[in-house]
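Visitor: Taken in sequence, the protein lines are chains B and C. Per the numbering used here: the first sequence = residues 1 to 413. Per the numbering used here: the second sequence = residues 414 to 554. First the structure, then my questions, so here it is.
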Amino acid sequence: MRLAREEEAIRAGQWGQPARHALEMQMAVGEFFGAREMVPVTSAHLTGDPESMGDAGLGFVEDLVRQGARFVVPTTTNARNVDFDRYRELGQPEEVAAKERRLRDLVVAMGGIALDSCTNYQAICQPRFGERLAWGDTGTVIYANAVAGARSNFEGGPASYAAALTGRVPAYGMHLPEHRWGTHLVEVRDQPRTASDWGALGVLVGRQLTNYWLVPVFTGLEAEPSGDALKQLGATLASYGSLAMFHIVGVTPEARSREDAFGGRAPRGRIVVEPGALDRTYRGFVPERDTADLVVFGTPHLSLFEVRELAGRLQGRRVHPKTVLLLTTNHHVKAMADRLGYTAVIEDAGGRILAGPCYYIMTPRELARRHGFRTIVTDSAKLANIIPASGYNAIFRPTAECVEAAVTGRVSA
Amino acid sequence: MSAAPVILTGHAGVGEVVEGEALVSPDGFSARYDLDRVTGRISRESHALFGASLAGKVLVCPLAKGGFATSWALLDLRSRGLAPVAMLFTWANPVMVQGAVLAGIALMDQLVPDPMEVITTGDRVRVDPKAGRVEVIVRAR
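Spelled out as structure tokens, the structure:
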């Protein structure tokens, strides 16, 4: 890999030991993927929470601070394990909250911003076309690449810290046009209507294209997708397929035409989404029992529009006494929801709206043990994909059906 | 036991030379989606290796799945003696490689022939990432 003069200086230790070690890790990853150079980035989005990092990961960050590390680009944090104001009432372990506080303090000490959100792109850091980023959360990466035309690989936990310390990333994968071009044509003949339908579409495609190096190109879509629809599509493709890029012809910026999306190459494969396929995707999640222990909205974090919709659906209704309803969002949407009265409607109905966490990292095994959770109902296909590893029977349903499950305490096949 | 040695070659991987017993997974792998990171065992009930421990194994797998959790998990598993010693993928993704670099675990991908085709669970395997070479030393009986 060819290094610029400044990178040689980092490698020689002129920026301190943390940046030197960070660059060495980046070079090893870059060389694995055939990168020829490093490129500067405008921001880093850190991924790491005590639950996924473990004590070893926390120790890595402790060491950085001890060695005087400083972030050199604007750096934000992803969703957390806890809402610091609400974790006790949910019965989450004190130890995890203490580690989260410690991690937050360490990140802030290095110059980071405790944003605590996996939807940074919706309110805080709108990516622009061609901008190079070092973002870690896969949902943020695919949104930035596909919807904005920005450029980022999955800069996972340690890689996001490394980029924040060096201000650059190795140029491979999504930084190169040839990896952004479409590989597979998706002909959609079953029109998604709601944001969760776009998630269902993501399930269908992400189950078939399960490789970071594949890029679906969607055609035949009649509806204009909302930002939340694109958020669900992207997060689901990233979750099921580990994909970092997609195109929608006529909608996303690198797909003005089909030829544009494929970079003039022929598709390597074709997927047809037949009428009825989206509904069958939901029904493929089969409840073991008809009781809904838990209903969760907010993977990725809910937008203000989504919180408003849920408040509207819950207005004057009451969550079933044996069912727990959780909404997860970021601090800024929560603050707006408080101001606009949405929070009051949701809490009056018996639901909780949490700021900062995301359910699959909210110590889900611990909560299942404590509350006897087994069946989780959600309109997030991503959450339904992840949470079975923590011992849950996950049921993906349209938003309206999830609200009904919360109110009746039942979920039907 | 086959007489001819089985040798796989490819681009340089990350990590040092290691030997271990192969554990072949027909399904892809993510430390978030498939693993109980406390015990180091596969915890997704629908996964082909459900219940299996990765500790000390050479994991052979078609795909790296999922997101950032894996990039931290490998270091944490290794610090508790629960990590695989090497991982051979048909296709790796960035978070898996980033995690292997942080943890110092050998990782290679795009080998020829594909390890999914020629390695079976229980084979003793030698992995030399820098040389871009994997050898099956002893076949499983």
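Every residue gets a Cβ at the ideal spot worked out from N, C-alpha and C, and that includes glycine.
Check whether chain C comes within 7 Å of G157 (chain B), counting only Cβ atoms and requiring the distance to be less than that.
Guide: Locating residue 157 (chain B) in the first sequence gives position 157, where the first residue counts as 1. G157 (chain B) counts as touching chain C.
Visitor: To be precise: take each residue of the segment 474 to 489 of chain C, compare its Cβ to all Cβ atoms of chain B, and keep it if any distance is under 9 Å. Which residues remain?
Guide: Answer set for the segment 474 to 489 of chain C: P475, L476, A477, K478, G479, G480, F481, A482, T483, S484, W485, A486, L488, D489.
Visitor: Beta carbon of S443 (chain C), beta carbon of G479 (chain C): below 7 Å?
Guide: For the purposes of this step, residue 443 (chain C) is identified with residue 30 of the second sequence, where counting begins at 1. For the purposes of this step, residue 479 (chain C) is identified with residue 66 of the second sequence, where counting begins at 1. Yes, the pair counts as a contact, with Cβ atoms nearer than the cut-off.
Visitor: What alpha helix (DSSP H) runs, 4 residues minimum, are completely inside the segment 457 to 502 of chain C?
Guide: Counting only runs of 4 or more, we get 482 to 492.
Visitor: Please go through the segment 302 to 366 of chain B and give each complete beta strand (DSSP E) segment of 3 or more residues, from N-terminal end onward.
Guide: The segment 302 to 366 of chain B contains these whole beta strand (DSSP E) runs: 324 to 329, 352 to 355.
Visitor: Residue ranges of each alpha helix (DSSP H) run of no fewer than 4 residues wholly in the segment 104 to 163 of chain B, ordered along the chain?
Guide: Listed in chain order, they are 120 to 123, 138 to 143.
Visitor: So, for R151 (chain B): in the same chain, excluding its five sequence neighbours on each side, which residues have a beta-carbon less than 6 Å away from its beta-carbon?
Guide: Numbered from its first residue, the first sequence carries residue 151 (chain B) at position 151. Once the five neighbours on either side are set aside, the close Cβ partners of R151 (chain B) are R132, M174, H175.
Visitor: Are P357 (chain B) and D83 (chain B) closer than 7 Å when you measure CB to CB?
Guide: The residue given as residue 357 (chain B) occupies position 357 in the first sequence. The residue given as residue 83 (chain B) occupies position 83 in the first sequence. Yes; because the gap between Cβ atoms is below 7 Å, this pair is in contact.
Visitor: Run through DSSP, which three-state label would F442 (chain C) get?
Guide: Taking the second sequence and counting its residues from 1, one reaches residue 442 (chain C) at position 29. Strand, per DSSP.
Visitor: Can you pull the chain C residues whose beta carbon is under 7 Å from the beta carbon of N153 (chain B), in chain order?
Guide: Residue mapping note: residue 153 (chain B) aligns to position 153 of the first sequence, counting from 1. P507, listed in chain order.
Visitor: Once the 5 residues before and after A49 (chain B) are set aside, which same chain residues still bring their CB inside 8 Å of it?
Guide: Numbered from 1 along the first sequence, position 49 holds the residue referred to as residue 49 (chain B). It should be pointed out that residue 49 (chain B) corresponds to Asp in this sequence rather than to Ala. Counting only Cβ-Cβ distances below 8 Å, and skipping sequence neighbours, we find N78, A79, R80, N81, E100, L103, I361.
Visitor: Using a Cβ-Cβ cutoff of less than 8 Å, which residues in the same chain neighbour Q315 (chain B) once the five nearest sequence positions on both sides are dropped?
Guide: Looking up residue 315 (chain B) in the first sequence gives position 315. Closer than 8 Å at the Cβ level, and outside the excluded window around Q315 (chain B), lie V345, A349.
Visitor: Taking 7 Å as the threshold (beta carbon to beta carbon), is L421 (chain C) in contact with chain B?
Guide: What you label residue 421 (chain C) is simply residue 8 of the second sequence in a count that begins at 1. With 7 Å as the cut-off, L421 (chain C) does not count as an interface residue toward chain B.
Visitor: Is there a Cβ from chain B that is less than 7 Å from the Cβ of Q523 (chain C)?
Guide: Locating residue 523 (chain C) in the second sequence gives position 110, counting from the first residue. With 7 Å as the cut-off, Q523 (chain C) does not count as an interface residue toward chain B.
Visitor: Which residues of chain C have a Cβ atom closer than 8 Å to the Cβ of M25 (chain B), listed in chain order?
Guide: By 1-based counting over the first sequence, the position of residue 25 (chain B) is 25. Those are Q511, V514, L515, listed as they occur along chain C.
Visitor: Would you mind stating whether A114 (chain B) and A22 (chain B) have Cβ atoms separated by less than 7 Å?
Guide: Taking the first residue of the first sequence as 1, we reach residue 114 (chain B) at position 114. Taking the first residue of the first sequence as 1, we reach residue 22 (chain B) at position 22. The answer is no: Cβ separation not under 7 Å.
Visitor: What is the DSSP secondary structure of T422 (chain C), counted as helix, strand or coil?
Guide: Looking up residue 422 (chain C) in the second sequence gives position 9. In this structure, T422 (chain C) counts as strand in the three-state DSSP scheme.
Visitor: For E37 (chain B), which three-state DSSP category applies?
Guide: Start at 1 with the first residue of the first sequence, and residue 37 (chain B) comes out as number 37. Reduced to three states, the DSSP call for E37 (chain B) is coil.
Visitor: Given a cut-off of 7 Å, decide if M509 (chain C) and A477 (chain C) are closer than it, judged by their beta-carbon atoms.
Guide: The sequence position of residue 477 (chain C) within the second sequence is 64, counting from 1. The sequence position of residue 509 (chain C) within the second sequence is 96, counting from 1. Closer than 7 Å, so yes.
Visitor: Which partner residues of T291 (chain B) appear in the DSSP bridge assignment?
Guide: As a position in the first sequence, residue 291 (chain B) is number 291, starting the count at 1. According to DSSP, which records beta bridges pairwise, T291 (chain B) is partnered with B:R410.
Visitor: From V473 (chain C) to P497 (chain C), what does the alpha carbon distance come to, in whole angstroms?
Guide: Reading the second sequence from its first residue, position 60 is the one you call residue 473 (chain C). Reading the second sequence from its first residue, position 84 is the one you call residue 497 (chain C). One C-alpha to the other measures close to 10 Å.
Visitor: Taking Cβ positions only, does I395 (chain B) come closer than 7 Å to chain C?
Guide: Against the first sequence, residue 395 (chain B) aligns to sequence position 395. No, no contact with chain C.
Visitor: What in chain C is Cβ-close to D63 (chain B), meaning under 7 Å?
Guide: Here residue 63 (chain B) refers to the residue found at position 63 of the first sequence. Residues of chain C passing the Cβ test: none, with the nearest at roughly 12 Å.
Visitor: So, with DSSP's three-state summary, where would you put I387 (chain B)?
Guide: Counting from 1 along the first sequence, the entry for residue 387 (chain B) is found at position 387. Note: I387 (chain B) maps to helix in three-state DSSP.
Visitor: My assumption, with CB atoms under 8 Å, is that L302 (chain B) sits in contact with P192 (chain B). Please give the rounded CB distance.
Guide: Against the first sequence, residue 302 (chain B) aligns to sequence position 302. Against the first sequence, residue 192 (chain B) aligns to sequence position 192. Between P192 (chain B) and L302 (chain B) the Cβ distance is about 18 Å, and since that is not below 8 Å, they are no contact.
Visitor: Determine the contact status of R289 (chain B) and V403 (chain B), defining contact as a CB-CB distance below 7 Å.
Guide: Within the first sequence, the letter at position 289 stands for residue 289 (chain B). Within the first sequence, the letter at position 403 stands for residue 403 (chain B). Not a contact, by the Cβ cut-off of 7 Å.
Visitor: Between which two residues does the alpha helix (DSSP H) carrying V203 (chain B) extend?
Guide: Start at 1 with the first residue of the first sequence, and residue 203 (chain B) comes out as number 203. From DSSP, the alpha helix (DSSP H) with V203 (chain B) extends over 195 to 208.
Visitor: Can you check whether the C-beta of S43 (chain B) is within less than 7 Å of a C-beta belonging to chain C?
Guide: Along the first sequence, one-based indexing puts residue 43 (chain B) at 43. Answer no: the Cβ-Cβ gap between S43 (chain B) and chain C never drops below 7 Å.
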